[in-house]
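Here our numbering is used: the first residue of the sequence shown is 30, the next is one more, and so on. For every residue, glycine included, the Cβ atom is placed at its ideal position computed from N, Cα and C. Structure first, commentary second.
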Amino acid sequence: MKKINENKSKRPRTLITIVLVIAIIAVGIFLFLNRVTDVDKIGMTYSEVFDQKVLSQNVTTKFKQTYQLKDYTVYGENMMLYEDMYTNESSDSLLGKNVLLKNIVTNSESIFSFAGGVDSGINLAELDEGVYEIYVYDHYKQKRVYFSDEFESDKFTTMRRNGMVKTITLNTNRDFLDDIGINLEKNYAFLVVIDNTPLSSVYDIVMDPCGNTIDISSNSIDYGYENDSIQEANESYELALLVKEELEKEGLRVLITRQKDEDSSYYGSDSRVGKGYESQAKVFISLGMCADDSIAYPYIVTSPYTNGLLANEIAYYMKGHNVNMMPVSNESRLQEGVCFDTLLEGEQGDSYIEWEAYPQIRESGGKSTFAGRISIAAENKIYRESNGMYGLYFAFANINSQESIDYYYANKGVIASTLANGIMQYYRIQGNEQ
């Protein structure tokens with residue numbers, strides 16, 4: 030009887046196994062190379078990112094009760110919604126009401142309380158990826174939000190966290206769901222949130238060193254406070270570098286508004302605030318001095334259109350880490366070391382209006398702080414409808430007090446690090462990767 034060669038009989042099976050393994054690897058490589066990445070999502074629509082079948086199953090198209098809105102603002106990372114057009118005379122946000130966001134991708138829900146101030150409302154950074162229907166609780170009744178006008182907002186990008194950002198769009202177009210075969214009877218509002226890899230052209234925070242400021246009203250340069258002990262222009266720039274270094278350790282992208290010896294203004298597309306808008310930054314912090322005989326320690330100025338939440342968090346953090354903060358306000362809602370910007374008033378053309386004293390705060394907040402509204406700021410009218418940066422003025426020393434100057438020099442390092450960490454604590458971005 031002829032003996033069968035077992036090695037020869039096994040070869041076909043081995044070859045088949047090898048071919049199958051190679052095929053599986055090839056398919057895996059193909060799928061990997063053609064997968065949707067976070068970079069790809071930047072140019073994709075919601076119907077390309079999310080499962081259309083899931084969207085069509087979960088979306089609601091008929092509602093017993095609806096709630097009309099007319100306007101919205103974005104300030105820092107917060108979105109406010111308004112029953113009427115937003116003005117400083119009657120900014121009627123949904124004060125005291127709750128807003129419900131339902132994610133039709135996951136069926137999860139998030140509730141936000143509107144407490145007044147443009148830094149209240151919907152915290153956009155807290156939203157998971159998805160498409161959200163918006164509801165208002167009005168007298169304990171859930172009502173679907175729609176807008177009086179159809180529009181698609183500009184894309185908004187949150188700050189970097191763990192190397193990622195969220196890109197967010199508010200859409201009220203009736204044909205918004207046409208891609209999944211659904212027709213809407215009103216301009217129902219949807220928030221689209223997509224996780225992305227951040228673009229290098231998009232910044233998180235702007236540090237603005239005071240001094241060397243072009244005064245367009247007199248066509249002169251304000252070099253800032255100075256005496257034999259300190260020069261505001263130089264010291265604010267050095268402090269900006271220190272704070273920038275601390276923030277960038279945690280993966281944030283920081284823009285400084287001027288070079289050390291550069292002169293620039295706060296008005297126009299190439300101005301300090303203009304650079305912030307063009308970089309899509311979320312925070313604008315101006316570093317400067319004051320001239321007040323009663324001031325011995327640092328303090329922070331914030332917009333009166335806010336609740337002072339960011340400034341409060343920074344002041345609280347700095348005090349908790351052995352930095353003295355100057356009591357500058359009797360407002361019970363503000364931390365020691367925080368005050369609201371002064372509101373000036375007077376005639377501007379045919380109108381009698383109010384405006385904030387600090388251009389750094391007023392002109393960096395876009396629509397929320399009425400940038401470009403007064404005559405001197407006419408060049409900033411291009412930013413009147415823009416998303417606002419959360420603007421603060423940090424006064425690090427008093428030119429009229431040697432005690433204040435000495436305190437600043439003795440604590441310069443801890444002031445820089447606690448200022449940076451106070452910002453990061455508010456935005457919950459500690460421990461980010463670079």
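As assigned by DSSP and simplified to three states, the class of residue i
{"i": "Ser258", "result": "coil"}
{"i": "Thr196", "result": "strand"}
{"i": "Asn127", "result": "strand"}
{"i": "Arg362", "result": "coil"}
{"i": "Arg391", "result": "helix"}
{"i": "Ser294", "result": "coil"}
{"i": "Glu162", "result": "strand"}
{"i": "Thr102", "result": "strand"}
{"i": "Glu374", "result": "strand"}
Residue i, enclosing beta strand (DSSP E) - first and last residue
{"i": "Ser446", "result": "Ser446 -> not in any beta strand (DSSP E); alpha helix (DSSP H) instead, spanning 441-456."}
{"i": "Arg287", "result": "Note, Arg287: premise wrong, no beta strand (DSSP E); not H, not E."}
{"i": "Pro238", "result": "234-238"}
{"i": "Arg173", "result": "170-176"}
{"i": "Phe219", "result": "219-225"}
Chain-order list of residues whose beta-carbon lies under 8 angstroms from that of residue i (same chain, five-residue window excluded)
{"i": "Ser177", "result": "Gln97, Leu98, Lys99, Asn216"}
{"i": "Thr74", "result": "Asp208"}
{"i": "Thr135", "result": "Asp157, Gly159"}
Limits of the unbroken alpha helix (DSSP H) element including residue i
{"i": "Met347", "result": "338-349"}
{"i": "Val78", "result": "75-78"}
{"i": "Leu84", "result": "81-87"}
{"i": "Val302", "result": "301-307"}
CA nearest to the CA of residue i, picked from the options
{"i": "Ser293", "options": "Thr102, Glu155, Pro238, Asp148", "result": "Pro238"}
{"i": "Asn263", "options": "Met109, Ser298, Arg287", "result": "Arg287"}
{"i": "Asp224", "options": "Gly159, Gly240, Ile234, Glu274", "result": "Gly159"}
{"i": "Thr371", "options": "Glu385, Asp379, Arg282", "result": "Glu385"}
{"i": "Ile444", "options": "Tyr328, Asn200, Val235, Glu77", "result": "Tyr328"}
{"i": "Ile245", "options": "Tyr254, Gly297, Thr116, Leu206", "result": "Gly297"}
{"i": "Arg190", "options": "Ser182, Asp167, Tyr232, Gly150", "result": "Tyr232"}
{"i": "Glu214", "options": "Asn117, Thr95, Ser137", "result": "Thr95"}
{"i": "Ile133", "options": "Glu106, Glu162, Ala154", "result": "Glu162"}
{"i": "Asn353", "options": "Asn440, Lys273, Asn429", "result": "Asn440"}
{"i": "Gly451", "options": "Ser247, Ile314, Ile259, Asp183", "result": "Ile314"}
{"i": "Glu383", "options": "Asn341, Leu338, Gln431, Pro333", "result": "Pro333"}
{"i": "Phe12", "options": "Leu153, Tyr266, Glu77, Ser149", "result": "Missing from the structure shown is residue 12; the chain here goes from 30 to 463 and no further."}
{"i": "Ser358", "options": "Met347, Gly349, Ala340", "result": "Ala340"}
Cutoff 6 angstroms; reference residue i; Cβ partners in own chain excluding five residues on either side
{"i": "Pro388", "result": "Tyr295"}
{"i": "Ile33", "result": "In this prediction, Ile33 scores a pLDDT of 49, lower than 50, which makes its location untrustworthy; the coordinate-derived value is nonetheless stated afterwards. Hits under 6 angstroms: none found."}
Whole-angstrom distance between residue j and residue i, CA atom to CA atom
{"i": "Asp299", "j": "Glu291", "result": "12 angstroms"}
{"i": "Arg391", "j": "Phe185", "result": "20 angstroms"}
{"i": "Lys195", "j": "Ala320", "result": "41 angstroms"}
{"i": "Phe143", "j": "Thr398", "result": "18 angstroms"}
{"i": "Glu255", "j": "Ser415", "result": "35 angstroms"}
{"i": "Asp167", "j": "Phe92", "result": "14 angstroms"}
{"i": "Gln86", "j": "Val128", "result": "23 angstroms"}
{"i": "Gln377", "j": "Val367", "result": "29 angstroms"}
{"i": "Asn248", "j": "Glu138", "result": "54 angstroms"}
Cβ-based neighbour list, residue i, same chain, cut-off 7 angstroms, excluding 5 preceding and 5 following
{"i": "Phe425", "result": "Leu268, Leu316, Met318, Pro327, Tyr437, Ile444"}
{"i": "Lys273", "result": "Met236, Val283, Ile285"}
Residue i CB to nearest heavy atom of the ligand NAD below 7 angstroms
{"i": "Asp292", "result": "Looking at this structure, you won't find the ligand NAD or any other ligand, since it has none at all."}
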